[in-house]
Amino acid sequence: MIREITVGQYYQTESVLHSLDPRTKLTGVLVYLVSLFLFNSISVYIIATVFLVSTIALSRVPVSYILKGMRSMVFILLLTVVFNVFLTPGVPVFTFWKLQVTREGLVVAGYTAVRLIYLIIGSSLLTFTTTPNNLTDGLESLLKPLKAFRVPVHEVAMMMSIALRFIPILLDETDKIMKAQQARGADFEHGNILRRAKALVPILVPLFVSAFRRANDLAMAMEARCYRGGDGRSKMKPLKYKGRDIAAFIILIVYFAAVIAAGRFSPL
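One point on numbering: in our numbering, the residue at position 38 of the sequence shown is 571, and numbering is uninterrupted.
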């Protein structure tokens, strides 16, 4: 199960999406996520689906690899859908025990599920196609205006980069701990939810200890290399927009305009 978590990891390959400037991809993800929440319209979701499928094709990341990462999110998706189905007031469809399923609840649950799936896949494509270093540089560049308000932009970007780098490391560590516990007779796959939750305690304690130890080692390594923040630091590879980035921005503008037009004027 741990090995199936691919969210936040980088997928090494050559593609059009990999070669784009990280600022372009960050802007694209933001525009796409905003477009998903603007309208509850079937035509809007058709456009969003075509855009997402085209982006996946351009990224050259295998669909099986993307879907493998979605398996870890199934519980959250189901929980969200169930809450929307049973807690949204409206016209009753049928009653289950003391809970009432409404027509509005089914509609809201459907839209919410699609939004969450597209949100996860769209955000994952950003990390699949962008190295942590480029992602940090792109985020720092986009947040530069916040320096006028004394926001530590470089430090924020650095923390995000470190968090992304630690994801695969902690996943490997969790996998090793689980195998060690299973060799000692631990059972993580049988029993009810409460029993499974209790079985995770022997994993969480050594995992937290390992995470704090790695964080301490990283802090000492940064201090040994005289790291003092972003003031006065230069870039080995400065970010520069290219022709493909301009084309990507034009496509984003066309996509967002199509979403607004479909949401306002389409009968669906």
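Virtual Cβ for every residue (Gly too), placed ideally from N, Cα, C.
Owing to the predicted nature of the structure, the values given are computational and were not obtained by experimental measurement.
| said: Taking the beta carbon of Ala-781 as the centre, do at least 16 other beta carbons fall within 10 Å, making it buried, or is it exposed? | reply: buried
| said: Using a 10 Å radius around the Cβ and a threshold of 16 neighbouring Cβ atoms, would you call Thr-774 buried or exposed? | reply: One detail in the question is off: residue 774 reads as Tyr in this sequence, not Thr. Label assigned to Tyr-774: exposed.
| said: Helix, strand or coil for Leu-632? Go by DSSP, reduced to three states. | reply: strand
| Nearest to Val-689 (by Cα), restricted to the options Leu-672, Met-711, Val-564 | Leu-672
| query | Do you know offhand how far Asn-573's Cα is from Asp-778's? | reply | 30 Å
| DSSP on Phe-627, reduced to helix/strand/coil? | strand
| message | For Thr-560, report the span of its alpha helix (DSSP H) as first-last. | response | 555-569
| Is Leu-591 near Val-549, with beta carbons less than 8 Å apart? | yes
| said: Assuming contact is defined by CB atoms lying nearer than 8 Å, are Pro-555 and Leu-772 in contact in what I supplied? | reply: yes
| Which runs of the alpha helix (DSSP H) fall wholly inside the region 578-624 and span at least 4 residues, in chain order? | 596-603, 607-620
| DSSP on Gly-762, reduced to helix/strand/coil? | coil
| message | With a threshold of 7 Å on Cβ separation, who are the neighbours of Ala-744 within its own chain once the five nearest residues in sequence on each side are excluded? | response | Leu-703
| message | Measuring only the C-alpha atoms, how far is Asp-720 from Gly-776? | response | 55 Å
| request: Could you tell me whether the region 650-665 touches the region 626-636, where touching means 3 or more Cβ pairs closer than 8 Å? | output: no
| message | Taking the straight line between their C-alpha atoms, what separation do you get for Asn-666 and Phe-619? | response | 44 Å
| How many angstroms separate the CA atom of Tyr-598 from the CA atom of Phe-616? | 29 Å
| Separation of Ser-694 from Gly-643, as counted between CA atoms | 34 Å
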